[in-house]
Structures are given as C-alpha cells and as structure tokens.
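Each residue of the sequence shown is one higher than the one before, counting from 3 in my numbering.
Glycine residues also receive a C-beta, built at the ideal position from the N, C-alpha and C atoms.
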Amino acid sequence: MHVIKSIEDAKALEGQEIGLSDWIVIDQNRIDQFAEATADHQWIHVDTERAAREMPNGTTIAHGYLTIALIPALTDAFVHVENLARAINFGLNKVRFYTPVPSGARVRARATVLSARQRAGALLLSAEVRIEVEGERKPACVAETLGMYFFNGD
C-alpha cells in the first residue's frame, strides 16, 4: 500500500509498479448482471448454450467494458490518499482488449504510475492498468486511467 499525502508523494511513484490485486472470479452471474445494467445482451456474453456450440472455448465471455468497470475495485488497495476530500474518474487515454475473459476465469489488476501532475487544484494521476487473466500470456485489457484526487483544504 502506497500512501500519498501530496502531489510530490505521487510524483515519486512515477514509473513504479504500485500494486498487484488479488484474483477475482468473473462468473456468469456477474456477466449477466453487467448485461442487465448496460442492456448489452449480445449472445457471446449471455447465451451459454449457444456459446457452448459456437465459441472457440465453449463458454461465454465477459464484456470488455465489464473488465474496465472492475478497475477501481481491483486497484483500490494499491494507494491510500490521505486528507482526501474526493476522488473522481477523469477518463481513459487509451484502452486495448487483447484476450477475452471466459466465464469462470480469474482476473487481477497490475498498475504502474505513468505520471502525477497538478491540475485544477488537484492531483491528476495517470496509470497503466493491466487486467491479467489467469493462465493467459496476454492481458485481457490494458488501459491508461486518469484519476483526479482533491485534497481537503484545496
């Protein structure tokens, strides 16, 4: 766990891998809930019978955007920002999906700080987050994330 008390603390982390999360299972229930929440019911995600017949690995796969949506939860334990008033997702600069996440697979996140800058009175933190799939050589997703951290009193 890295502790950030200032923008200078964050700058000291530039170029460093800051964490590797625990594995979590992406089961069909999670995939189905995401499909319901987003109205994305493409058969490759939700039709287990058709996937058994037509998908290369015989199972449904997670939505790419589900993989992205897990990033905050997976990386939450990497950094603790002290004196934090609020934090917001500022966006993504680049996202690539390299390998599918089959239903039942385990994934984890690995993050590296790319840059830490002051912007609009806050810390703008850019990180590369890789979502790894257990047993796969290529990551499911590589995303450059942007977070804004506002300190109390700013």
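Glu130: not part of any alpha helix (DSSP H); member of the beta strand (DSSP E) spanning Ala124 to Val135, first to last residue. DSSP places Phe92 in the strand class (E or B) of the three-state scheme. Arg121 is bridged by DSSP to Ala124. Beta-bridge partners assigned by DSSP to His82: Val5. Between Leu125 and Ile9, the beta carbon gap of about 5 Å places them in contact (Cβ cut-off 8 Å). Cβ neighbours of Pro58 within its own chain (closer than 6 Å, five residues either side excluded): none.
Between Met3 and Ala75, the C-beta spacing is not below 9 Å.
Inter-residue distance for Leu148 and Val48 is about 31 Å (C-alpha atoms, whole angstroms).
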